[in-house]
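Chains as they are written, first to last, in our numbering: chain A, 1 to 279; chain B, 280 to 534.
See below for the structure under consideration.
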């Protein structure tokens, strides 16, 4: 039987790391500001472009708002394994993880889970604030369907996306075991790639073939589709289908990411870079 | 020179600065296209160029002393004969040169992919660009003095500042003027940020043929902001350095 205590301990450490630099309430509030601004920026761009073109559609605004909130959510917690390794090596904390009897993969999963919880809280707060502020700015009602069943559907989608995001996190973490500088650029690259390829801001079909096909099949695209099917289109059948593909793709991503991470970790031990302090 | 050497001596650092500006301007250009207004893709590309510099100001100017404290470099600055403002001005010039490849790449990629319509008054564009960078980096110097007293909080503060300032200053869309979605009061607040004035003037001179005769009030405001922020940063640096010396905390490595 798997002992989950290390997972919870790592998650608690992540909460301390992310929130204890000031009071937890203030940290959560400050963490919410960036997602609000990000969601508002993309929504305003859609509004400006579509009103000038005479093609404004409130449901399309909802499409952009939900997508922008959720891609930022995925980027926020999938980067955490990289951050935990890079920061841990730099400050001498990470080698202590190797000294313990538990696996580093479990530690990284715990850190990612804590970030998932924080990011879920801040993303949902950002979605709510942006919904009201943008509605007021644009003098329109953004058509979101918010009732207990759609909120539950969204919550399930958020949970089902965890394996996929964690798989991406392990892949990035495998790289950061070896990296000495570029890992600090990864959040920008991950956020940027998700903006372009996850269907967050526009349908992947506008991308050139075959990139559009690959982008549409990503588990992150499926997750965002499922969330939209829940709270914009209230379409259970489409939701179930997107969620299924999100789960399958996410599990594949997790298995692949974990395999690569374990192989990279074993090689890093042999190469003697496992505790190399970063420049 | 140290900054230039540190960046160009390790080409990977150039790559580090490229990712977000290139990909975000690509994504937001595609958003303009999908919204039916391909003519505005230039806004997103210009935004990608300027977000490179804004990121550099935040991460390599404002919080630089925090990194330098951790690496033990800050003590060397203190004991050198150079003044802190001189060091920061040198860092600014190096930072601008180091960010240039990212800005150029965003421009080339954006131009090649989207061909945004341009109706430029180049003299106004050039002067606005220079003054925007001057005021932006003067803001970075002011923030550097503030961040002198922070430790790990500096990173969190940067994360908090980056997106909201990008939004308020209208890096990717007009945030002041008749096209702005913001209420008047918010536009007034946004106008206190040098980047807001600079972006507005850049868009008008680059895409709407407005020359020096039209954008001179913005240029005047940018020049005034640069001078005021430079003065504020010099005074704040002196005050906080003196306080740190008296308290014995000026070179403490806060983690």
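We put the CB at the ideal spot given by N, CA and C, even for glycine.
Residue i vs residue j beta-carbon contact at 7 Å
i: residue 211 of chain A; j: residue 67 of chain A; result: no
i: residue 310 of chain B; j: residue 168 of chain A; result: no
i: residue 446 of chain B; j: residue 41 of chain A; result: yes
i: residue 374 of chain B; j: residue 424 of chain B; result: no
i: residue 43 of chain A; j: residue 65 of chain A; result: yes
i: residue 476 of chain B; j: residue 501 of chain B; result: yes
i: residue 363 of chain B; j: residue 465 of chain B; result: no
i: residue 403 of chain B; j: residue 491 of chain B; result: yes
i: residue 173 of chain A; j: residue 82 of chain A; result: yes
i: residue 426 of chain B; j: residue 326 of chain B; result: no
i: residue 415 of chain B; j: residue 507 of chain B; result: no
i: residue 227 of chain A; j: residue 155 of chain A; result: no
i: residue 219 of chain A; j: residue 240 of chain A; result: no
i: residue 434 of chain B; j: residue 38 of chain A; result: no
i: residue 505 of chain B; j: residue 365 of chain B; result: no
Three-state secondary structure assigned by DSSP to residue i
i: residue 245 of chain A; result: helix
i: residue 41 of chain A; result: helix
i: residue 311 of chain B; result: helix
i: residue 3 of chain A; result: coil
i: residue 528 of chain B; result: coil
i: residue 234 of chain A; result: coil
i: residue 156 of chain A; result: helix
i: residue 279 of chain A; result: With a pLDDT of 48 at residue 279 of chain A, under the threshold of 50, the modelled position of that residue is not reliable, and no figure is offered here.
i: residue 427 of chain B; result: coil
i: residue 271 of chain A; result: helix
i: residue 197 of chain A; result: helix
i: residue 503 of chain B; result: helix
i: residue 144 of chain A; result: coil
i: residue 364 of chain B; result: helix
i: residue 227 of chain B; result: Because residue 227 of chain B is not part of the residues shown, which for chain B are 280 to 534, the question remains open.
i: residue 81 of chain A; result: helix
i: residue 202 of chain A; result: coil
i: residue 453 of chain B; result: coil
i: residue 329 of chain B; result: helix
i: residue 47 of chain A; result: helix
i: residue 394 of chain B; result: coil
i: residue 343 of chain B; result: helix
i: residue 493 of chain B; result: helix
Cβ neighbour criterion (16 or more within 10 Å) applied to residue i
i: residue 455 of chain B; result: buried
i: residue 345 of chain B; result: buried
i: residue 467 of chain B; result: exposed
i: residue 88 of chain A; result: buried
i: residue 383 of chain B; result: exposed
i: residue 54 of chain A; result: exposed
i: residue 25 of chain A; result: exposed
i: residue 50 of chain A; result: buried
i: residue 79 of chain A; result: buried
i: residue 166 of chain A; result: buried
i: residue 206 of chain A; result: exposed
i: residue 518 of chain B; result: exposed
i: residue 159 of chain A; result: exposed
i: residue 514 of chain B; result: exposed
i: residue 479 of chain B; result: buried
i: residue 279 of chain A; result: Low confidence applies to residue 279 of chain A: its pLDDT is 48, below 50, so where it sits in the model is not reliable, and the reading given next is rough at best. Per the 10 Å Cβ criterion, exposed.
i: residue 348 of chain B; result: buried
i: residue 5 of chain A; result: exposed
i: residue 153 of chain A; result: buried
i: residue 111 of chain A; result: buried
i: residue 406 of chain B; result: buried
i: residue 221 of chain A; result: buried
i: residue 213 of chain A; result: exposed
i: residue 410 of chain B; result: buried
i: residue 161 of chain A; result: buried
Neighbour list for residue i in chain E, Cβ cutoff strictly below 8 Å
i: residue 441 of chain B; result: Protein chains A and B are contained in the structure displayed, whereas chain E is not.
- Query: Along the region 135-146 of chain A, what residues have a CB closer than 9 Å to any CB found in chain B?
  - Reply: 136, 137 and 138
- Do the region 98-111 of chain A and the region 189-200 of chain A touch if we need at least three Cβ pairs shorter than 8 Å? no
- Message: Can you pull out the residues from the region 29-43 of chain A whose beta carbon lies closer than 7 Å to at least one beta carbon of chain B?
- Response: 30, 33, 34, 37, 38, 40, 41 and 42
- Between the region 261-269 of chain A and the region 163-179 of chain A, do three or more beta carbon pairs fall short of 8 Å? yes
- Three CB pairs or more closer than 8 Å across the region 13-27 of chain A and the region 408-426 of chain B: no
- Could you name the residues of the region 371-390 of chain B whose beta carbon sits closer than 7 Å to any beta carbon of chain A, in the order they occur along the chain? none
- Can you find at least 3 beta carbon pairs, one from the region 90-103 of chain A and one from the region 115-122 of chain A, that sit closer than 8 Å? Segments in contact, no.
- Query: Is the region 250-259 of chain A touching the region 227-235 of chain A in the sense that three or more CB pairs, one from each, lie closer than 8 Å?
  - Reply: Cβ pair count under 8 Å is below three, so no.
- Query: Is the region 298-313 of chain B close to the region 29-38 of chain A, with three or more CB pairs under 8 Å?
  - Reply: Contact annotation: the region 298-313 of chain B does not touch the region 29-38 of chain A, with fewer than three C-beta pairs closer than 8 Å.
- Message: Closer than 8 Å between beta carbons: that is the criterion. Which residues of the region 460-473 of chain B meet it against chain A?
- Response: 460, 461 and 462
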